[in-house]
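In what follows, a single structure is set out as structure tokens and then discussed.
In our numbering, the protein residues as written are 8 to 60.
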């Protein structure tokens, strides 16, 4: 099972990285691992998580 999450507008790279790390750790607690991600031109990130085996 996959789950997609959007990280809202974050124009600075260090802020974006912090938000991604926080969300990845939160999702890991729920049993999901970060599978892939993409950053949009609008300074948002789309994270795709996969249910851990």
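Built from N, CA and C at the ideal position, the CB exists for glycine as well.
Pull up the distance between the alpha-carbon of residue i and that of residue j, whole angstroms please.
i          : j          : result
residue 22 : residue 60 : 30 Å
residue 50 : residue 20 : 9 Å
residue 13 : residue 53 : 5 Å
residue 44 : residue 36 : 19 Å
residue 65 : residue 8  : Coverage of the chain is limited to positions 8 through 60, which leaves residue 65 absent and any answer about it impossible.
Taking Cβ to Cβ, would you say residue i is nearer than 8 Å to residue j?
i          : j          : result
residue 58 : residue 38 : yes
The alpha helix (DSSP H) with residue i in it runs from where to where?
i          : result
residue 25 : 20 to 36
What residue range is occupied by the uninterrupted beta strand (DSSP E) comprising residue i?
i          : result
residue 43 : 39 to 46
In the DSSP assignment, what residue or residues form a beta bridge with residue i?
i          : result
residue 52 : 14 and 46
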